[in-house]
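In the numbering used here, the protein residues as written are 1 to 61.
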Amino acid sequence: MRTIERLLRILHRDRPPISDPGFAAYYSALVTEAGSGVPTVEEARRDFEPIRRLIERAFIV
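1) Tell me where the alpha helix (DSSP H) around Asp47 begins and ends.
2) Nearest CA to the CA of Ile55: which residue from Val38, Pro39, Ser19, Phe23?
3) Looking at chain C, is there any beta carbon in it that lies within less than 9 Å of the beta carbon of Phe48?
4) Specify the secondary structure class of Ser28 as computed by DSSP and reduced to three states.
5) Quick one: Cα of Arg57 to Cα of Gly37, how far?
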């Protein structure tokens, strides 16, 4: 078990943690549903921002 934990730490060392659960759900659904041609995290984050604003407006009003 420690070997797996160590491997996961090594793989995630250079990546910032995902602290945005809405984006994490969006990107994981995107990756799961897409067969190929998945956008990078930066592209997906850029595309998600307008969606986030619409969602926030819908729940605030």
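Just so it is clear, CB atoms sit at the ideal spot from N, CA and C, and this is done for glycine as well.
Taking the structure as given:
1) 41-60
2) Phe23
3) Included in the structure is just one protein chain, with no chain C present.
4) Helix, per DSSP.
5) 30 Å
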